[in-house]
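In the working numbering, the protein residues as written are 4 to 362. C-beta: ideal position from N, C-alpha, C; glycine also. This one's a predicted model, so the numbers in the text were calculated from it and none came from an experiment.
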Amino acid sequence: MTFATPWAFLLLLILPVILYRYFSRSALGLRTGKILFSSAPHLAGAGTSLRSRLAHLPFVLRLLALILLIIALARPLEGMEKIYDISKGIAIEVVIDRSSSMGAEMIFEREQLNRLEVAKRVFLEFVQGSKGDLAGRPNDLIGLITFARYADTACPLTLAHGALVSFVEPIELVNRKPEDGTGIGDALALAAARLQKAEETITQQSLLADNKEPSYEIKSKIIILLTDGEQNAGKRTPREAAELAKKWSIKIYTIGIGGQESLIRVPTLFGTQVIQRGPGVDKQTLAALAETTGGIFRMAEDGDALRAVYSEIDELEKSEIESIRYMDYTERFTPFALWALVLLALEILLRTTYFRRIP
């Protein structure tokens, strides 16, 4: 408990003066009065009445009432510390290619896995953290968009990263020829639109909230594009998507997965053969996307290299939590003031009835 006006306790200094004056007058008989007798031995067995023993009660009640009023005047406050956390996170849309060329194999933890599977696993490490260099992104809004010929939102932007895992696991390579292709521009445009909409929604919610500060702020917006091919489908070009992202202050980090050529294993009558599938990574376009928006472009030829790229992005894009501490005070003077009034009323009642003095 604390007090808003502690200087009021200086009034307690008058209590010794009041006590001194009261008991001085009592000693002189001015308070209770005295009657002189010529001989008092016959009064020795009379004893002391209850009224005499309680003669100081009205004064004690008034003194207690005065103390309580002084405490009430000091305005006691009872406070509870509250910690208000503001997460300043990053809104991240990860855009993963799932065209048929992503079925090409690469080494990941001493296994031969297709590129899409490696991309999924390292993405989850980036989100949740791993034993290596990836610490996880617990304070960031993260969404996932997959694309081949068409772009789809696999998981909307969310802080519930546990739910994100359940959306990632079922993602598979495109298995229908009409849906195959690499529509990088459309996928980036969709990701940029999702990020911009999320920022507008959070800003609007913070304006409508009672709190002066929003509980979550988007510090920055980024897109992580992972592909092994070049644009050959879609309505928007990668350049158009990059200009849109730049307009909305969104950085694009581009990752070319695999080598310059896209190789894939195909079962034939003569056994499994490795053939070239497509022209491979379009380094020039990916580098231009990153340069236009202030991001970076990196190649990842295996799982370890992909981890290293994510680790680099992890270092470049840091989220933060700001804690604001404040005390929520409640006025507690009312009980003291009420009890003071009760004691004063009781003192007046006793003084005018039971302890009434008749001159």
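Query	Result
Suppose you measure from the CA of residue 160 to the CA of residue 250; what does that come to, to the nearest Å?	20 angstroms
What number of angstroms, rounded off, separates the C-alpha of residue 138 from the C-alpha of residue 198?	23 angstroms
So, is residue 17 buried or exposed, given that buried needs 16 or more other C-beta atoms within 10 angstroms?	exposed
Are the CB atoms of residue 71 and residue 8 nearer to each other than 9 angstroms?	no
Starting from the C-beta of residue 168, find all residues in its chain whose C-beta is less than 7 angstroms away, skip the five residues before and the five after it, and write them out in chain order.	127
Would you mind sorting residue 241 into buried or exposed? The rule is 16 or more other CB atoms within 10 Å of its CB.	buried
Could you tell me which residues DSSP puts in a beta bridge with residue 95?	145, 225
Under a Cβ-count criterion, where at least 16 other Cβ atoms within 10 Å of its own Cβ denotes burial, should residue 100 be classed as buried or exposed?	buried
Which runs of the beta strand (DSSP E), 3 residues or longer, sit entirely within the segment 158 to 187?	none
Would you identify the three-state DSSP class for residue 105, choosing helix, strand or coil?	helix
Would you call residue 334 buried or exposed, if buried means 16 or more other Cβ atoms sit within 10 Å of its Cβ?	exposed
Using the C-alpha atoms, what's the distance from residue 59 back to residue 27?	13 angstroms
For residue 252, I'd like the list of residues in its chain whose CB is within less than 6 angstroms of its CB, leaving aside the five on either flank, ordered along the chain.	none
Thinking just about the alpha-carbon of each residue, which of 222, 109, 155, 118 is nearest to the one in residue 93?	222
Going by alpha carbons, who is nearest to residue 173 out of 203, 255, 157?	157
Taking Cβ to Cβ, would you say residue 164 is nearer than 9 angstroms to residue 145?	yes
Can you give me the C-alpha to C-alpha distance between residue 283 and residue 91, rounded to a whole angstrom?	38 angstroms
Bridge partners for residue 333 per DSSP, in chain order?	81
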